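Trainee: Following this note's numbering, the numbering of the sequence shown begins with 102 at its first residue and continues without gaps.
All C-beta atoms, glycine included, are put in the ideal place defined by N, C-alpha and C.
Please read all numbers here as calculations on a predicted model, not as lab measurements.
Sending over a structure as structure tokens; questions will come in a sec.
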Amino acid sequence: MLIETFTVGMLSTNCYVVNNPQTKEAIIIDPGLDLPIQAQQVFEYITKEKLKVKLIVNTHGHQDHISGDTIFQEKYNVPIYIHKYDSLWLENLKKTKYPAPILLEDNSLINFGEESLKVMLTPGHTPGSICLIGEKLVFTGDTLFARGIGRTDFHGSSIDDMKVSLQKLMHLPDYFLIYPGHGPSSTVIEEKRSNPFLNSDNSF
Ligand SMILES: [Zn+2]
Ligand SMILES: [Zn+2]
């Protein structure tokens, strides 16, 4: 599984293009760009690598993660995957001529090429926030960042749910790589050591 990171939009969202080097099938995670021009670097990468884009996944429904959905959907004519609890953010997409959104649930599998990512529902930041679990890595959206976590003060956020979700993530193997929705990547062991929100004596 090859991962290319593009930092896009005003909130510096990590947009990931994930592909299987054998089959060249690819997915796009969180194309949160503000302007069509910002998609150009991603288009060029996909063309250069001869990738076949199969689908787009949103780790949750916030604008800084979904705002480029339509730009990529128009280009590749592929469906958008999102957890059903966050699907209201995609309301306006239902009327388009492009494939309808695919609504994910906990433990849904996202398959492309010979790769598979498993959906882990991790509510807290939003009700339908998901993490995507691969063989040795996890995409954590705005649930977990390197040394931080996503905000829990939005409408629909829940601090209690967030605590449970973070515990679920910390049950992943220590060597797992973490690819967050913003900021640098990390590992499970590194977050256990250094993330103040995962420290048991810290009540956030
Ligand atoms: Zn968010
Ligand atoms: Zn975000």
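Where does alanine 127 fall in DSSP's three states?
Mentor: Reduced to three states, the DSSP call for alanine 127 is strand.
Trainee: Taking all protein chains shown into account, do 16 or more other C-beta atoms lie within 10 angstroms of the C-beta of leucine 299, making it buried, or fewer, making it exposed?
Mentor: Flag for leucine 299 reads buried.
Trainee: Are histidine 184 and isoleucine 231 closer than 7 Å when you measure CB to CB?
Mentor: Going by C-beta atoms, histidine 184 is nearer than 7 Å to isoleucine 231.
Trainee: Once DSSP output is grouped into helix, strand and coil, what is the label at valine 143?
Mentor: The answer is helix: DSSP assigns valine 143 an H, G or I state.
Trainee: What does the alpha-carbon distance come out to for the pair serine 209 and isoleucine 138?
Mentor: One C-alpha to the other measures close to 33 Å.
Trainee: Can you have a look at histidine 290 and say buried or exposed, based on whether 16 or more other CB atoms are within 10 angstroms of its CB?
Mentor: Per the sequence shown, residue 290 should be read as isoleucine rather than histidine. Exposed.
Trainee: Assuming contact is defined by CB atoms lying nearer than 7 Å, are threonine 288 and leucine 278 in contact in what I supplied?
Mentor: Cβ distance < 7 Å, so threonine 288 and leucine 278 count as in contact.
Trainee: Quick one: Cα of leucine 267 to Cα of valine 239, how far?
Mentor: So the alpha carbons of these two residues sit roughly 13 Å apart.
Trainee: Aspartate 243: beta carbon under 6 Å from a heavy atom of ligand 1?
Mentor: At least one heavy atom of ligand 1 is nearer than 6 Å to the Cβ of aspartate 243, so yes.
Trainee: Going by Cα to Cα distance, which pick from Tyr177, Thr227 and Thr171 is closest to tyrosine 186?
Mentor: Considering only alpha carbons, the answer is Thr227.
Trainee: How would you write the range of the beta strand (DSSP E) that valine 179 sits in, first residue to last?
Mentor: It is not in any beta strand (DSSP E) - valine 179 carries neither H nor E in the DSSP assignment.
Trainee: At what residues does the beta strand (DSSP E) containing glutamate 105 begin and finish?
Mentor: Segment 103-109, the beta strand (DSSP E) holding glutamate 105.
Trainee: Closer than 8 Å is the cut-off here; do at least three beta carbon pairs connect the stretch 159-172 with the stretch 122-136?
Mentor: With a cut-off of 8 Å, the stretch 122-136 and the stretch 159-172 count as touching, because enough Cβ pairs lie within range.
Trainee: Do glutamate 216 and methionine 111 come within 7 Å of each other at the CB atom, strictly closer than that value?
Mentor: No, the Cβ-Cβ distance between methionine 111 and glutamate 216 is not below 7 Å.
Trainee: Residue range of the alpha helix (DSSP H) that serine 217 falls in?
Mentor: Looking at the DSSP string, serine 217 is not in any alpha helix (DSSP H); the run it does join, the beta strand (DSSP E), is 216-222.
Trainee: Where does phenylalanine 213 fall in DSSP's three states?
Mentor: Of the three classes helix, strand and coil, the one that applies to phenylalanine 213 here is strand, per DSSP.
Trainee: Enumerate in chain order the residues of its own chain whose CB-to-CB distance from alanine 247 is below 6 Å, with the five nearest sequence positions on each side excluded.
Mentor: Gly284, Pro285 and Ser287, listed in sequence order.
Trainee: Taking just the CA atoms, how far does phenylalanine 255 sit from glycine 249?
Mentor: C-alpha separation (whole angstroms): 16 Å.
Trainee: Which residue's Cα is closest to the Cα of isoleucine 234: Lys155, Leu218 and Gln141?
Mentor: Isoleucine 234 has its Cα closest to that of Leu218, out of Lys155, Leu218 and Gln141.
Trainee: Mapping DSSP to helix, strand and coil, what is serine 166?
Mentor: The sequence shown places histidine at residue 166, not serine. Three-state result, histidine 166: helix.
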